[in-house]
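A quick write-up on the structure given underneath.
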Amino acid sequence: MGKDDLVLVESRQQLSDGSFRDRFRPLSEKMKPNETVEEAVARAVKEELGSVIDTGSVRIVPGSYIKKLEERNSASYPGLPARYVLHSVDAWVEGLPEEDFCTDEQEEYQDLNGTMELEKAVSVRKHFWKWVSSDSLHS
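Each residue of the sequence shown is one higher than the one before, counting from -5 in my numbering.
Have a look at this one:
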């Protein structure tokens, strides 16, 4: 959340093949096993926004935590039923730019030599972030 009740959303992504994918959703990240919500929030902010903030503090807005269970077909494996536990919070992150900005994706798939093992896989290269009114997320 930013000033004037604006919310940061990832407006789109640039993929390694040069194409773009529209997103228009708040920062999100898969939780790791045994990770608390607070740990997941701190890690998500560091991984996704760390290139534009130095040591900005992250504060979860008290009372904003919501846990939701969704059952639907897997996006990764069409036809496979999946159950998702979604944890969401509102958070204040100090040090973010006030204007729209972009961040570069860190390389996730490196082998022991530091080279890309999955060079042919299409992956996210750049994230484009935009401040929007909170009302626009619920409409």
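C-beta atoms are modelled at their ideal positions from N, C-alpha and C, and glycine is treated no differently.
Can you tell me which of the options puts its alpha carbon nearest to the alpha carbon of residue i?
i: D(-2); options: R119, H121, E93; result: E93
i: E88; options: S68, K40, V31, V118; result: K40
i: G57; options: Q100, Y71, A85; result: A85
i: E33; options: Y71, A69, S51; result: S51
Would residue i and residue j be called neighbours here (beta carbons separated by less than 9 Å)?
i: V118; j: L2; result: no
i: R53; j: E64; result: no
i: V83; j: V116; result: no
i: K62; j: V79; result: yes
i: V46; j: F95; result: yes
i: K26; j: R17; result: no
i: H121; j: E4; result: yes
Grab me the residues of residue i's own chain with a C-beta within less than 6 Å of its C-beta, minus the 5 sequence neighbours each way, in chain order.
i: V31; result: H81
For residue i, which residues in the same chain have their Cβ closer than 7 Å to its Cβ, ignoring the five residues on either side in sequence?
i: N67; result: G73, L74, P75, A76
i: R15; result: R6, Q7, L9
What is the rounded straight-line gap between the Cα of residue i and the Cα of residue j?
i: L90; j: L43; result: 8 Å
i: Q7; j: W123; result: 9 Å
i: S13; j: D98; result: 15 Å
i: L131; j: L0; result: 10 Å
i: E29; j: D11; result: 33 Å
i: D48; j: Q100; result: 16 Å
i: P20; j: Y71; result: 24 Å
i: Y59; j: A69; result: 25 Å
By Cβ distance below 8 Å, which residues in the same chain neighbour residue i in space, the five residues on each side in sequence not counted?
i: D129; result: none
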